[in-house]
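J.:
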Amino acid sequence: MLPRTRPKRIWLPWARAGITLAVIGFAGWGLMELGTRYLGLQKLIIEQVNVSGCRGERQAEIQKLAEGLVLGKPLFWVDAEELRTRIEAKRWVRGLQIRKDPPDRLSLAIEERRPVLWLVRANGVFLVSDDGVLLDRVNQSNLNPIPIVVDPASQTDHGLARLVSTARTLREKQQGFYERITELRDSSKGPVAYIEGLPAPIYLSKQDVTKNVPNFQGLFVDRLSQRPDLARLRYIDLRWDDEVAVGEPEDAPAPVKSPR
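The sequence shown begins at 186 in the working numbering and counts up one residue at a time.
#1: Tell me whether the beta-carbon of L291 lies closer than 9 Å to the beta-carbon of I231.
#2: Identify which residue in E296, S390 and I283 has its Cα closest to the Cα of D426.
#3: At a cut of 8 Å, does the stretch 369–379 reach the stretch 327–345 through at least three beta carbon pairs?
#4: With DSSP collapsed to three states, give me the class of W277.
#5: E252 to Y379, Cα distance in whole Å?
#6: Please say whether P376 and Y420 have beta carbons closer to each other than 9 Å?
#7: Looking only at its own chain, which residues have a Cβ that is under 8 Å from the Cβ of P300, when we skip the five neighbours before and after it?
#8: DSSP has F311 in a bridge; who is on the other side?
#9: Reducing DSSP to helix, strand and coil, say where E242 ends up.
#10: So what does DSSP say about Q392, is it helix, strand or coil?
#11: Can you tell me which of the three DSSP states R298 falls into?
#12: To which residues of the same chain is A416 closer than 6 Å at the C-beta, ignoring the five residues directly before and after it?
#13: Could you please give the first and the last residue of the uninterrupted alpha helix (DSSP H) stretch that includes N400?
#14: Buried or exposed: A352, going by 16 or more other Cβ atoms within 10 Å of its Cβ?
#15: By the three-class DSSP mapping on this structure, what secondary structure does L229 have?
#16: Please classify S292: does DSSP put it in a helix, a strand, or coil?
#17: When we look at the beta-carbon of L206 and count the other beta-carbons within 10 Å, is it buried (16 or more) or exposed?
#18: Helix, strand or coil for I421? Go by DSSP, reduced to three states.
#19: Starting from S350, trace the beta strand (DSSP E) both ways and give me its first and last residue.
#20: Determine the DSSP secondary structure at S339, reduced to helix, strand or coil.
#21: Have a look at R276, E296, K275 and D289 and flag the residue whose alpha-carbon is nearest the alpha-carbon of Q282.
#22: May I ask you to report which of helix, strand or coil DSSP gives K285?
#23: Name the residue from E273, K285 and R243 whose alpha carbon lies nearest to the alpha carbon of W262.
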(Lines of atoms letter the chains of each structure in order from A and count residues from 1; the text may use other names and numbers.)
(Lines give C-alpha, C1' and ligand atoms only; values in the text may rest on other atoms or scores of the structure.)
Protein backbone atom coordinates (compact mmCIF):
# COMPACT_ATOMS: atom_id res chain seq x y z
CA MET A 1 0.00 0.00 0.00
CA LEU A 2 1.16 3.55 -0.82
CA PRO A 3 2.03 5.72 2.20
CA ARG A 4 -0.48 8.42 2.98
CA THR A 5 1.17 11.90 3.37
CA ARG A 6 -0.46 15.17 4.25
CA PRO A 7 0.53 18.28 2.25
CA LYS A 8 2.59 20.88 4.12
CA ARG A 9 0.67 23.93 5.19
CA ILE A 10 3.10 26.82 4.67
CA TRP A 11 0.70 29.34 6.16
CA LEU A 12 0.33 27.51 9.45
CA PRO A 13 3.43 28.96 11.28
CA TRP A 14 2.42 32.47 10.23
CA ALA A 15 -1.09 31.94 11.46
CA ARG A 16 0.17 30.69 14.81
CA ALA A 17 2.49 33.71 15.13
CA GLY A 18 -0.35 36.07 14.28
CA ILE A 19 -2.67 34.50 16.80
CA THR A 20 0.05 34.63 19.47
CA LEU A 21 0.70 38.34 18.86
CA ALA A 22 -3.01 39.11 18.93
CA VAL A 23 -3.42 37.27 22.25
CA ILE A 24 -0.43 39.09 23.75
CA GLY A 25 -1.69 42.45 22.50
CA PHE A 26 -5.19 41.82 23.82
CA ALA A 27 -3.81 40.71 27.18
CA GLY A 28 -1.60 43.82 27.39
CA TRP A 29 -4.53 46.07 26.53
CA GLY A 30 -6.66 44.33 29.13
CA LEU A 31 -4.00 44.72 31.83
CA MET A 32 -3.62 48.40 30.93
CA GLU A 33 -7.36 48.98 31.18
CA LEU A 34 -7.54 47.19 34.54
CA GLY A 35 -4.57 49.15 35.84
CA THR A 36 -5.89 52.54 34.75
CA ARG A 37 -9.43 51.81 36.00
CA TYR A 38 -8.79 50.13 39.34
CA LEU A 39 -5.11 50.70 40.25
CA GLY A 40 -4.76 54.39 39.41
CA LEU A 41 -2.22 53.89 36.61
CA GLN A 42 -2.05 56.56 33.90
CA LYS A 43 -2.36 55.79 30.23
CA LEU A 44 0.71 56.54 28.10
CA ILE A 45 -1.21 59.13 26.09
CA ILE A 46 0.25 62.54 25.25
CA GLU A 47 -1.63 65.18 27.19
CA GLN A 48 1.03 67.88 27.39
CA VAL A 49 3.65 69.34 25.01
CA ASN A 50 6.55 71.41 26.40
CA VAL A 51 8.46 73.68 23.98
CA SER A 52 11.81 75.23 24.92
CA GLY A 53 14.58 77.05 23.05
CA CYS A 54 12.39 79.80 21.58
CA ARG A 55 10.04 82.47 22.85
CA GLY A 56 7.16 84.70 21.87
CA GLU A 57 5.44 84.15 18.54
CA ARG A 58 7.81 81.38 17.54
CA GLN A 59 7.12 79.37 20.67
CA ALA A 60 3.37 79.80 20.22
CA GLU A 61 3.69 78.70 16.58
CA ILE A 62 5.52 75.48 17.47
CA GLN A 63 3.19 74.82 20.41
CA LYS A 64 0.11 75.02 18.20
CA LEU A 65 1.65 72.87 15.47
CA ALA A 66 2.83 70.14 17.86
CA GLU A 67 -0.40 69.96 19.85
CA GLY A 68 -2.40 69.58 16.66
CA LEU A 69 -0.27 66.61 15.63
CA VAL A 70 0.31 64.65 18.84
CA LEU A 71 -2.19 65.43 21.59
CA GLY A 72 -4.25 62.37 22.51
CA LYS A 73 -1.92 59.95 20.73
CA PRO A 74 0.11 57.11 22.32
CA LEU A 75 3.38 58.47 23.70
CA PHE A 76 5.61 55.70 22.33
CA TRP A 77 3.79 55.23 19.04
CA VAL A 78 3.59 58.86 17.99
CA ASP A 79 4.97 59.68 14.52
CA ALA A 80 8.01 61.65 15.64
CA GLU A 81 9.44 61.90 12.13
CA GLU A 82 6.39 63.68 10.79
CA LEU A 83 6.55 66.08 13.71
CA ARG A 84 10.27 66.68 13.07
CA THR A 85 9.71 67.29 9.36
CA ARG A 86 6.91 69.79 9.98
CA ILE A 87 8.89 71.76 12.57
CA GLU A 88 12.26 71.75 10.79
CA ALA A 89 10.50 73.07 7.67
CA LYS A 90 10.40 76.42 9.47
CA ARG A 91 13.29 78.51 8.11
CA TRP A 92 14.28 79.79 11.53
CA VAL A 93 14.62 76.27 13.01
CA ARG A 94 18.12 74.85 12.78
CA GLY A 95 17.47 71.64 14.71
CA LEU A 96 15.04 69.82 17.00
CA GLN A 97 15.36 67.34 19.88
CA ILE A 98 12.30 65.27 20.81
CA ARG A 99 12.10 63.67 24.25
CA LYS A 100 9.31 61.42 25.49
CA ASP A 101 8.66 61.90 29.19
CA PRO A 102 6.26 59.26 30.56
CA PRO A 103 3.51 59.07 31.38
CA ASP A 104 1.95 61.86 29.29
CA ARG A 105 4.49 64.51 28.26
CA LEU A 106 6.36 65.24 25.03
CA SER A 107 9.23 67.73 25.26
CA LEU A 108 10.57 69.65 22.25
CA ALA A 109 13.91 71.51 22.41
CA ILE A 110 14.24 73.94 19.51
CA GLU A 111 17.58 75.23 18.22
CA GLU A 112 17.03 78.55 16.48
CA ARG A 113 19.11 80.00 13.68
CA ARG A 114 20.86 83.14 14.89
CA PRO A 115 20.83 86.22 12.65
CA VAL A 116 24.19 87.90 11.97
CA LEU A 117 23.25 90.41 9.26
CA TRP A 118 20.46 92.63 8.03
CA LEU A 119 19.99 92.42 4.28
CA VAL A 120 18.49 95.61 2.83
CA ARG A 121 16.65 95.08 -0.44
CA ALA A 122 14.07 96.97 -2.43
CA ASN A 123 11.25 94.77 -1.09
CA GLY A 124 12.24 95.02 2.56
CA VAL A 125 14.86 94.38 5.22
CA PHE A 126 15.52 90.74 6.09
CA LEU A 127 17.51 88.83 8.70
CA VAL A 128 20.28 86.53 7.46
CA SER A 129 21.33 83.64 9.72
CA ASP A 130 24.86 82.57 10.56
CA ASP A 131 24.57 79.69 8.07
CA GLY A 132 23.35 81.93 5.23
CA VAL A 133 19.59 81.30 5.39
CA LEU A 134 17.27 84.22 4.69
CA LEU A 135 14.95 84.52 7.68
CA ASP A 136 12.11 86.84 8.68
CA ARG A 137 11.62 90.48 7.84
CA VAL A 138 12.98 92.87 10.42
CA ASN A 139 10.23 94.03 12.78
CA GLN A 140 9.84 95.35 16.31
CA SER A 141 10.16 91.87 17.85
CA ASN A 142 13.56 91.10 16.24
CA LEU A 143 15.00 94.61 16.01
CA ASN A 144 18.52 93.84 17.24
CA PRO A 145 21.44 96.09 16.20
CA ILE A 146 23.57 93.94 13.90
CA PRO A 147 25.58 94.87 10.78
CA ILE A 148 23.63 95.67 7.63
CA VAL A 149 24.42 94.82 4.01
CA VAL A 150 22.97 97.56 1.83
CA ASP A 151 25.52 97.73 -1.02
CA PRO A 152 23.97 96.00 -4.10
CA ALA A 153 27.39 94.82 -5.29
CA SER A 154 27.82 92.93 -2.00
CA GLN A 155 24.51 91.07 -2.32
CA THR A 156 25.61 88.50 -4.88
CA ASP A 157 25.59 84.89 -3.76
CA HIS A 158 29.37 84.73 -3.33
CA GLY A 159 29.66 88.19 -1.80
CA LEU A 160 26.89 87.59 0.71
CA ALA A 161 28.33 84.18 1.64
CA ARG A 162 31.70 85.81 2.39
CA LEU A 163 30.06 88.50 4.52
CA VAL A 164 28.05 85.91 6.47
CA SER A 165 31.27 84.03 7.20
CA THR A 166 32.96 87.31 8.19
CA ALA A 167 30.16 88.29 10.56
CA ARG A 168 30.00 84.82 12.13
CA THR A 169 33.77 84.73 12.75
CA LEU A 170 33.85 88.24 14.22
CA ARG A 171 30.91 87.49 16.50
CA GLU A 172 32.59 84.34 17.79
CA LYS A 173 36.15 85.69 18.19
CA GLN A 174 35.88 89.51 18.38
CA GLN A 175 32.38 90.14 19.71
CA GLY A 176 33.16 93.65 20.95
CA PHE A 177 34.25 94.74 17.47
CA TYR A 178 31.35 92.93 15.81
CA GLU A 179 28.83 94.75 17.99
CA ARG A 180 30.25 98.11 16.88
CA ILE A 181 29.94 97.38 13.15
CA THR A 182 27.13 99.25 11.42
CA GLU A 183 27.72 98.05 7.86
CA LEU A 184 29.66 95.35 6.00
CA ARG A 185 30.65 95.36 2.34
CA ASP A 186 32.40 92.91 0.07
CA SER A 187 35.24 94.09 -2.17
CA SER A 188 38.12 92.76 -4.22
CA LYS A 189 40.43 93.71 -1.33
CA GLY A 190 38.39 91.71 1.16
CA PRO A 191 35.61 92.49 3.64
CA VAL A 192 35.10 96.14 4.48
CA ALA A 193 33.59 97.23 7.80
CA TYR A 194 32.17 100.53 8.97
CA ILE A 195 31.74 101.38 12.63
CA GLU A 196 29.80 104.11 14.36
CA GLY A 197 31.77 107.33 14.79
CA LEU A 198 34.33 106.53 12.06
CA PRO A 199 33.32 107.31 8.44
CA ALA A 200 36.49 105.73 7.01
CA PRO A 201 36.27 102.14 5.70
CA ILE A 202 38.11 99.45 7.66
CA TYR A 203 39.74 96.87 5.38
CA LEU A 204 39.80 93.36 6.88
CA SER A 205 42.03 90.49 5.84
CA LYS A 206 40.61 87.89 3.45
CA GLN A 207 42.48 85.05 5.16
CA ASP A 208 41.79 86.08 8.77
CA VAL A 209 39.13 88.72 9.32
CA THR A 210 40.15 89.07 12.98
CA LYS A 211 43.70 90.05 12.05
CA ASN A 212 44.85 93.22 13.89
CA VAL A 213 41.34 93.85 15.25
CA PRO A 214 42.59 94.03 18.89
CA ASN A 215 45.35 96.44 17.76
CA PHE A 216 42.79 98.63 16.04
CA GLN A 217 40.53 98.61 19.09
CA GLY A 218 43.34 99.90 21.29
CA LEU A 219 44.51 102.43 18.70
CA PHE A 220 41.02 103.79 18.18
CA VAL A 221 40.35 104.27 21.89
CA ASP A 222 43.78 105.75 22.72
CA ARG A 223 44.46 107.95 19.68
CA LEU A 224 42.14 107.94 16.71
CA SER A 225 38.94 108.81 18.55
CA GLN A 226 40.61 111.94 19.94
CA ARG A 227 41.81 113.31 16.61
CA PRO A 228 40.02 116.46 15.40
CA ASP A 229 40.37 115.26 11.80
CA LEU A 230 38.81 111.83 12.48
CA ALA A 231 36.09 112.38 9.89
CA ARG A 232 38.74 113.09 7.22
CA LEU A 233 40.67 109.82 7.56
CA ARG A 234 40.61 108.00 4.23
CA TYR A 235 40.82 104.38 5.43
CA ILE A 236 41.98 101.96 8.14
CA ASP A 237 43.85 98.91 6.81
CA LEU A 238 44.17 95.86 9.10
CA ARG A 239 45.66 93.53 6.48
CA TRP A 240 49.28 94.20 7.42
CA ASP A 241 51.26 91.96 9.79
CA ASP A 242 50.97 93.34 13.34
CA GLU A 243 50.40 96.84 12.01
CA VAL A 244 47.43 99.12 11.49
CA ALA A 245 47.76 101.36 8.45
CA VAL A 246 45.89 104.67 8.65
CA GLY A 247 45.09 106.68 5.55
CA GLU A 248 45.84 110.21 6.62
CA PRO A 249 43.75 113.08 5.25
CA GLU A 250 44.84 114.29 1.86
CA ASP A 251 46.73 117.54 1.84
CA ALA A 252 44.79 120.65 0.92
CA PRO A 253 45.18 121.59 -2.76
CA ALA A 254 47.83 124.17 -3.62
CA PRO A 255 46.51 127.71 -3.95
CA VAL A 256 45.86 128.88 -7.50
CA LYS A 257 47.14 132.29 -8.54
CA SER A 258 44.45 134.65 -9.65
CA PRO A 259 45.01 136.33 -13.00
CA ARG A 260 46.21 139.95 -12.86
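Glycine included, every Cβ here is placed at the ideal spot set by N, Cα and C. Keep in mind that this is a model prediction, so the values were computed, not measured.
T.: In this structure, then:
#1: Here residue 291 refers to the residue found at position 106 when the sequence shown is read from its first residue. Here residue 231 refers to the residue found at position 46 when the sequence shown is read from its first residue. Yes, Cβ-Cβ distance for L291 and I231 is below 9 Å.
#2: Here residue 426 is taken as the residue at index 241 of the sequence shown, counted from 1. Ranking the options by Cα distance to D426, first place goes to S390.
#3: yes
#4: Against the sequence shown, residue 277 aligns to sequence position 92. Three-state result, W277: coil.
#5: Start at 1 with the first residue of the sequence shown, and residue 252 comes out as number 67. Start at 1 with the first residue of the sequence shown, and residue 379 comes out as number 194. Computed Cα separation, rounded: 46 Å.
#6: To locate residue 420, count along the sequence shown from 1; it is residue 235. To locate residue 376, count along the sequence shown from 1; it is residue 191. Not in contact: Y420 and P376 (Cβ atoms no closer than 9 Å).
#7: Here the question's residue 300 lines up with position 115 in the sequence shown. Contacts found: L312, V313, S314, D315, L320, N327, N329 and I331.
#8: Taking the first residue of the sequence shown as position 1, residue 311 is located at position 126. Partner(s): L304 and R322.
#9: Mapped onto the sequence shown, residue 242 falls at position 57. Helix.
#10: Residue 392 sits at position 207 when you count from the first residue of the sequence shown. Three-state DSSP puts Q392 in coil, outside helix and strand.
#11: For the purposes of this step, residue 298 is taken as residue 113 along the sequence shown, with counting starting at 1. Of the three classes helix, strand and coil, the one that applies to R298 here is coil, per DSSP.
#12: On the sequence shown, residue 416 is found 231 positions in, with the first residue counted as 1. Correct list, in chain order: P384.
#13: In the sequence shown, counting from the first residue as 1, residue 400 sits at position 215. Run containing N400: V398 to D407, per the alpha helix (DSSP H) assignment.
#14: Residue 352 sits at position 167 when you count from the first residue of the sequence shown. Label assigned to A352: buried.
#15: Position 44 of the sequence shown, counted from the start, is the residue given in the question as residue 229. DSSP places L229 in coil when its eight states are reduced to three.
#16: Locating residue 292 in the sequence shown gives position 107, counting from the first residue. Strand, per DSSP.
#17: Numbered from 1 along the sequence shown, position 21 holds the residue referred to as residue 206. Classification for L206: exposed.
#18: Taking the sequence shown and counting its residues from 1, one reaches residue 421 at position 236. Strand.
#19: Working through the sequence shown from its first residue, we reach residue 350 at position 165. S350 -> not in any beta strand (DSSP E); alpha helix (DSSP H) instead, spanning D342 to K358.
#20: Sequence index remark: in the sequence shown, residue 339 carries index 154 (1-based). Helix.
#21: Position 97 of the sequence shown, counted from the start, is the residue given in the question as residue 282. Measuring from the Cα of Q282, the nearest candidate turns out to be E296.
#22: On the sequence shown, position 100 is the one that residue 285 refers to. Of the three classes helix, strand and coil, the one that applies to K285 here is strand, per DSSP.
#23: Walking along the sequence shown from the start, residue 262 turns up at place 77. Considering only alpha carbons, the answer is K285.
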